[in-house]
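What follows is a single structure, written as structure tokens, with notes after it.
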Amino acid sequence: DLRPGCAEVTRAYSRPAIVESRELLPAQLAELAASAIDITTAGLAGVSHVSHAVAYDAGIRGGVDLAGLCFRYWEPLVQRFSGRFVRVKPDASVAGRKYLQPVGELPRIFFVAGTTARDLANTDTPVLVTEGEKKALALDRARHLVLPAFVLGVASAASTARYMRGSMLDALREDYIRT
Numbered sequence: 003d004l005r006p007g008c009a010e011v012t013r014a015y016s017r018p019a020i021v022e023s024r025e026l027l028p029a030q031l032a033e034l035a036a037s038a039i040d041i042t043t044a045g046l047a048g049v050s051h052v053s054h055a056v057a058y059d060a061g062i063r064g065g066v067d068l069a070g071l072c073f074r075y076w077e078p079l080v081q082r083f084s085g086r087f088v089r090v091k092p093d094a095s096v097a098g099r100k101y102l103q104p105v106g107e108l109p110r111i112f113f114v115a116g117t118t119a120r121d122l123a124n125t126d127t128p129v130l131v132t133e134g135e136k137k138a139l140a141l142d143r144a145r146h147l148v149l150p151a152f153v154l155g156v157a158s159a160a161s162t163a164r165y166m167r168g169s170m171l172d173a174l175r176e177d178y179i180r181t
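Going by this note's numbering, the first residue of the sequence shown is number 3, and it counts up by one from there.
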């Protein structure tokens with residue numbers, strides 16, 4: 003477990019399962035929803051609210067109240083959330099900075115929770131690269147929603163195209179088209 007308030011999740015079917023509920027404030031839920039991230043996606047990704055004390059204990063500094071939205075970083079090689087690295091978007095404004103990370107820690111790549119070393123080694127796995135945790139989570143959610151809709155759309159598009167072709171050929175055989 004990283005710190006109190008950032009509960010550990012366990013892995014099930016290569017996706018983590020929620021062990022306990024995550025406290026998110028209404029404003030944070032609205033912010034995530036505006037970024038196309040639902041509560042389930044946030045929970046699986048380990049997103050939670052942290053208090054000033056928890057953020058400070060994690061090594062976050064900023065000169066303001068550090069309470070805010072906590073993004074935990076997934077470590078694909080060991081299949082767990084990092085015990086050292088988080089990023090916090092404080093509820094209070096910090097001059098020139100939107101997100102804070104532990105002092106002395108270098109920026110890291112954000113992997114969606116459940117990513118495995120096997121996923122990274124597989125060159126056939128599509129990789130979506132984006133800036134920011136919220137965009138990565140929104141793209142991961144969209145990938146699960148859009149692909150089934152696309153497959154269903156393509157399947158019905160073929161029957162529609164055959165119907166339209168048949169109707170066009172019937173119309174071309176009509177007498178008023180030939181004259």
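Glycine included, each C-beta is placed from N, C-alpha and C at the ideal position.
Let me know if residue i comes out buried or exposed under the rule of 16 or more other beta-carbons within 10 Å of its beta-carbon.
{"i": "D142", "result": "buried"}
{"i": "T42", "result": "exposed"}
{"i": "E135", "result": "buried"}
{"i": "I39", "result": "buried"}
{"i": "P92", "result": "buried"}
{"i": "L108", "result": "exposed"}
{"i": "L130", "result": "exposed"}
{"i": "L139", "result": "buried"}
{"i": "L171", "result": "exposed"}
Who are residue i's beta bridge partners in DSSP?
{"i": "G70", "result": "V52, P92"}
{"i": "E77", "result": "R82"}
Round the Cβ separation of residue i and residue j to the nearest angstrom and send it over; I've been treating them as touching at under 8 Å.
{"i": "H54", "j": "L71", "result": "With 8 Å as the limit, H54 and L71 do not qualify as a contact, their Cβ atoms being about 13 Å apart."}
{"i": "A47", "j": "A115", "result": "5 Å"}
{"i": "V66", "j": "V96", "result": "6 Å"}
Looking only at its own chain, which residues have a Cβ that is under 8 Å from the Cβ of residue i, when we skip the five neighbours before and after it?
{"i": "R63", "result": "L102, V105"}
{"i": "P78", "result": "F113, T117, T118, A119, D121, L122"}
{"i": "M166", "result": "none"}
{"i": "K137", "result": "S37"}
Can you give me the Cβ contacts of residue i inside the same chain, cut-off strictly under 6 Å, excluding the 5 residues immediately before and after it?
{"i": "V88", "result": "A60, C72, R74"}
{"i": "E176", "result": "none"}
{"i": "A57", "result": "L68, V90"}
{"i": "S161", "result": "none"}
If you drop the 5 nearest sequence neighbours on each side, which residues of the same chain put their C-beta closer than 7 Å to that of residue i?
{"i": "L27", "result": "H51"}
{"i": "R110", "result": "Y75, F87"}
### Task
Return the chain-ordered ranges of every beta strand (DSSP E) run that is complete within the segment 81-158 and spans a minimum of 3 residues.
Look at the segment 81-158 and you find these whole runs of beta strand (DSSP E), each 3 residues long or longer: 82-92.
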